[in-house]
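What follows is a single structure, written as structure tokens, with notes after it.
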């Protein structure tokens, strides 16, 4: 069955450092993958989309990579700030094509 | 620009009662999704509508759950009768794009936190 794995343990880093979050998937080959941010008590908010033919995508301080051979996506936040503290969800396209499969998310805490 | 609107934000009710969750998608969005989120299972897709038509309800847990979309601006998720294991946060999301296949972002509401006692 399809499986999505994200770091289950919270990631604690110091302000100014680069945060790297990992998403691994098994048993399918998504045509694209999206990343979302979720704050406590709120719904997920879309951040970035990367397609299978793209190795890397950037948006301001965010960078996403997509390695279809390793079946892995990495999400980087450079020059991290306390305001970046949230849970980040990886969402590869489902086999049906119309939906996403969400990982359980990784909690990021950036301390001053 | 109003986002996806869900009501109520919180619902506490006793086992056996009927629960109705409501969602107003973003105007112009053709696709609507209902999800359930728990610590154990994460975010699970329950049902997907495209142009008000249910396309995939394979994620609906059992017959106690039903969803409707009578028009493009309103959807409901009903649980009858409710059970304690239904306690979770329920999210509604909408997406633009005319076809069922779309890589457009999903826009989520802030969810309904449901507690069944």
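Residue numbers (the numbering used here), protein chains in the order written: chain A, 1 to 112; chain B, 1 to 117. All C-beta atoms in this analysis are idealised placements derived from N, C-alpha and C, irrespective of residue type, glycine included.
Could you pull out every residue in the same chain whose Cβ sits closer than 6 Å to the Cβ of residue 31 (chain A), ignoring the five residues on either side in sequence?
52, 93
Chain A beta carbons: is any one of them nearer than 7 Å to that of residue 108 (chain B)?
yes
Close beta carbons around residue 89 (chain B), own chain, < 6 Å, minus the five adjacent residues each side
37, 111, 113
Is the region 57–66 of chain A touching the region 19–32 of chain B in the sense that three or more CB pairs, one from each, lie closer than 8 Å?
no
Using a cut-off of 8 Å between C-beta atoms, extract the partners of residue 99 (chain A) located in chain B.
33, 45, 48, 56
Selected residue, minimal CA-CA separation from residue 2 (chain B), among B:72, B:104, B:26, B:85:
B:26
Same chain, Cβ closer than 7 Å to residue 45 (chain B), five either side skipped, listed in chain order
33, 35, 59
By the three-class DSSP mapping on this structure, what secondary structure does residue 138 (chain B) have?
Lying outside 1 to 117, the shown extent of chain B, residue 138 (chain B) is not represented and no answer is given.
DSSP-derived helix/strand/coil call for residue 79 (chain A)
coil
Roughly how many angstroms lie between the CA atoms of residue 82 (chain A) and residue 53 (chain B), to the nearest whole one?
42 Å
Determine the chain E residues that contact residue 102 (chain B) at a beta-carbon separation under 8 Å, and present them in chain order.
In the displayed structure, chain E is absent; the protein chains listed are A and B.
Report the CB separation of residue 22 (chain A) from residue 3 (chain A) in whole angstroms; it is logged as a contact under 8 Å.
Wrong, their Cβ atoms sit about 14 Å apart, outside the cutoff.
So, at 7 Å on beta carbons, what are the nonlocal neighbours of residue 86 (chain A) in its own chain, with the 5 sequence-adjacent residues on each side left out?
37, 38, 39, 108
Can you check whether the C-beta of residue 59 (chain B) is within less than 7 Å of a C-beta belonging to chain A?
no
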